[in-house]
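Engineer: Residue numbers (the numbering used here), protein chains in the order written: chain W, 1 to 113; chain E, 1 to 116.
Cβ coordinates follow ideal geometry from the N, Cα and C atoms, glycine included.
I have a structure I would like to understand better, so I am pasting it below and will then ask my questions one at a time.
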């Protein structure tokens, strides 16, 4: 079992729709969770961090964390073509005290005009 | 967040040679990380670079192949030694930003390496 798993996609949504990106992780003791956006040819850009169960909203982005289910998601409301990118889920596992990030494979999102 | 720069941004190298990648941060940071992103893949941590101590390497990565320096709190280098085509990847440095209970990690622009 991979430590962090994401659907590779591609996920295609029409402009204005809600895009839902999902991520599961294997280390039950993990405490820190992140979503990065990576445009083609660019480095990852941090868009959301979440540390406690529930929802965290920032503009059009909402991160949802459920530690009991070992599940974290990212919702993008009113999706725009500029949101088309690969979204990487990253986790700091409990066993790691040095802040190392474990990344999922990423989900490619395509927003169609 | 910190501003991170990397040099070179890209390079094409011949097999058997070595390339040193530089990472510069505009503020002092305790921990710096080096990641590799192979074509079409996600990011994999190579090592953690701490100032004043030897780098900590992840499984599958060794110091002889990827020597790292961390001379001060704003700078680090990663050398890719005796390169082969399998080393063709994007190499990224990152820094952590801790504030209270929160912890975030930011990435530099990356170095795109092609080995022929």
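Does residue 128/E come out as helix, strand or coil in the three-state DSSP assignment?
Structural biologist: Absent from the model: residue 128/E. The displayed extent of chain E is 1 to 116, so no value can be given.
Engineer: Assign residue 49/E to one of two classes, buried (16 or more other C-beta atoms within 10 Å of its C-beta) or exposed (fewer than that).
Structural biologist: Classification for residue 49/E: buried.
Engineer: DSSP state of residue 14/W, grouped into three classes?
Structural biologist: Residue 14/W: strand per DSSP, three-state reduction.
Engineer: Enumerate in chain order the residues of its own chain whose CB-to-CB distance from residue 22/W is below 6 angstroms, with the five nearest sequence positions on each side excluded.
Structural biologist: Taken in chain order, the residues that qualify are 73.
Engineer: Quick one: list the residues of chain E neighbouring residue 110/W, beta-carbon separation under 9 angstroms, in chain order.
Structural biologist: Correct list: empty, because the minimum Cβ distance to chain E is about 16 angstroms.
Engineer: When Cβ atoms are compared, which residues of the stretch 77-105 of chain E fall closer than 9 angstroms to chain W?
Structural biologist: Within the stretch 77-105 of chain E, the residues whose Cβ lies closer than 9 angstroms to some Cβ of chain W are 90, 92, 94, 96, 98, 101, 102, 103, 104, 105, listed in chain order.
Engineer: How about residue 66/E: is its C-beta nearer than 9 angstroms to some C-beta of chain W?
Structural biologist: Cβ-Cβ to chain W under 9 angstroms: no for residue 66/E.
Engineer: Assuming contact is defined by CB atoms lying nearer than 9 angstroms, are residue 76/E and residue 23/E in contact in what I supplied?
Structural biologist: Cβ atoms of residue 76/E and residue 23/E: closer than 9 angstroms.
Engineer: Using beta-carbon positions only, say whether residue 94/W and residue 28/W come within less than 9 angstroms of one another.
Structural biologist: Yes.
Engineer: Please name the residue or residues paired with residue 94/E in a DSSP beta bridge.
Structural biologist: Note: residue 94/E sits in a beta bridge opposite 33/E, 107/E.
Engineer: Contact between the stretch 28-45 of chain W and the stretch 79-89 of chain W is defined here as three or more beta-carbon pairs at a separation below 8 angstroms; is this criterion met?
Structural biologist: Judged by Cβ distances under 8 angstroms, the stretch 28-45 of chain W makes contact with the stretch 79-89 of chain W, as three or more pairs qualify.
Engineer: I want to verify the contact list: residues of chain E whose CB lies under 7 angstroms from the CB of residue 32/W, in sequence order.
Structural biologist: Correct list: 103.
Engineer: Under the three-state reduction of DSSP, which class applies to residue 82/W: helix, strand or coil?
Structural biologist: Reduced to three states, the DSSP call for residue 82/W is helix.
Engineer: Measure the C-alpha to C-alpha separation of residue 65/E and residue 56/E and round it to an integer number of angstroms.
Structural biologist: Roughly 13 angstroms separates the two Cα atoms.
Engineer: When you compare the stretch 1-18 of chain E with the stretch 50-65 of chain W, are there three or more beta-carbon pairs, one atom per stretch, that lie closer than 8 angstroms?
Structural biologist: No, because fewer than three Cβ pairs between the stretch 1-18 of chain E and the stretch 50-65 of chain W fall closer than 8 angstroms, the two stretches do not touch.
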